[in-house]
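**Student:**
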DNA sequence: CGCTGGTGAGACAAAAATGTCTCACCTGGG
DNA sequence: CCCAGGTGAGACATTTTTGTCTCACCAGCG
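Protein chains in written order, with the working numbering: chain A, 3 to 194; chain B, 3 to 194.
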């Protein structure tokens, strides 16, 4: 699918493998390396050439997730303009990574090694800071803590990713559904 | 912990085992039967006496989750009074099962056997019907589909359960946080 | 006091997953 | 045309997990 100047026979697209793995592991977290390989359309041997083992694969997924979250945060310019708009930009920017984040968010097993923990806390802090800014500016209600709003954002991203994967929500509605629910809630607004 | 007229040496509390398993499997879905047993404070032999294998354990978890969801729905009286109040009752009623539901919701691997699928669709339908009723009565906005609101409810329940388990949210705030975010959203209301 | 029913600990074989290796193959580049 | 680099398929040993069994133990109950 992506032969961009590589020398010989299509050298496995690392990014594609990781995304396939995330999509599979999200709905079947006990999947075998063999199943992961098949899902990515490569052989187990090749999968093993790129990732020494399941741990290495998961850590690679985590690194990718952290990198994409950071990139999305950068792209969303969380310190500019109304906080609500920044949240919308963030959700929109993170949409392509939703399946990956859904897997990482639901696999707290990673917190055992205390390894990449630092990467996540930094992201948590940046998102929480955005919500805190919105509270300070009077945009967001103050009876929901920034920590909870951050957590809820993760949860809704995961729900949205699964809903799309299983066809319960149209892909084009992904950002809208999450944004509107997180910011506006289910109740009908009687003004504005 | 619970010796309620049983004959001999404390016969394993099935419910406690299932809840321990759910709590463990939620954060480490690849946990071994041995780890599950240790988490429940019993030996692997005893665990195996009660659940023939990992599959049987997971299916028991699923059955319990379905039963508790149905019970919570019954207790919440989803057809009575304002839909928003019914949603609040539902979230409150389902709180004790949150960790279990978090596990089941994130383990879509179950949908392979197409087994208990019927149980979940029934619950999905009942919850979606509640949201639909709220839309029909004008309480809820109509640009968020009942299916998505149902999905979001699951996601927020899972987020809430994890946030409590990891100490990021106080247990007593569980229902409030989920209810308020789902219904009201993060934006500050300018009226009411 | 002895019996009963359920448990923990551990041994054990079977099954499954993993990690490693070899070899044939294929394709782009020199 | 041949070569280099990367892949798929499959064999294989190792490790992990599972399923099964035995045996000692322990508490209530007759």
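In this text, a Cβ means the ideal position worked out from N, Cα and C, and glycines have one as well.
#1: With DSSP as the reference, label residue 185/B as helix, strand or coil.
#2: Please report the distance separating the alpha-carbon of residue 103/A from that of residue 160/A.
#3: Using three-state DSSP, classify residue 178/B as helix, strand or coil.
#4: If we define contact as Cβ-Cβ less than 8 Å, is residue 108/A a contact residue for chain B?
#5: Going along the chain, which residues of its own chain have a beta-carbon closer than 6 Å to the beta-carbon of residue 9/B, five neighbours each way excluded?
#6: Would you kindly work out how many angstroms separate the C-alpha atoms of residue 164/B and residue 179/B, rounded to a whole number?
#7: Considering residue 44/B, what are the terminal residues of the alpha helix (DSSP H) in which it resides?
#8: Chain B beta carbons: is any one of them nearer than 8 Å to that of residue 42/A?
#9: Taking beta-carbon pairs under 7 Å, can you tell me which members of the stretch 14 to 32 of chain A lie near chain B?
#10: At a CB distance below 9 Å, what residues from the stretch 135 to 155 of chain B approach chain A? Give them in sequence order.
#11: Can you check whether the CB of residue 185/B is closer than 8 Å to the CB of residue 125/B?
#12: Assign residue 53/A to one of three DSSP states: helix, strand, or coil.
#13: Who are the neighbours of residue 35/A on chain B, taking C-beta pairs under 8 Å?
#14: What's the gap between the Cα of residue 154/B and the Cα of residue 181/B?
#15: Could you tell me whether the Cβ atoms of residue 39/A and residue 45/A are closer together than 8 Å?
#16: Is there a C-beta anywhere in chain B that falls below 8 Å from the one on residue 72/A?
#17: Can you tell me whether residue 54/A is buried or exposed, with buried defined as 16 or more other CB within 10 angstroms of its CB?
#18: For residue 140/A, is the classification buried or exposed, using 16 other Cβ atoms within 10 angstroms of its Cβ as the cut-off for buried?
**Tutor:** By the coordinates alone:
#1: helix
#2: 7 Å
#3: helix
#4: yes
#5: Bear in mind that the predicted position of residue 9/B carries a pLDDT of just 47, short of 50, making it unreliable; the figure below should be weighed with that in mind. Here the set comprises nothing.
#6: 13 Å
#7: No alpha helix (DSSP H) contains residue 44/B, which DSSP labels as neither H nor E.
#8: no
#9: 29, 30, 31, 32
#10: 136, 137, 140, 141, 142, 143, 144, 145, 146, 147, 149, 150, 151, 152, 153, 154, 155
#11: no
#12: coil
#13: Per Cβ cutoff of 8 Å: no residues; residue 35/A is ~12 Å from chain B at best.
#14: 11 Å
#15: yes
#16: no
#17: exposed
#18: exposed
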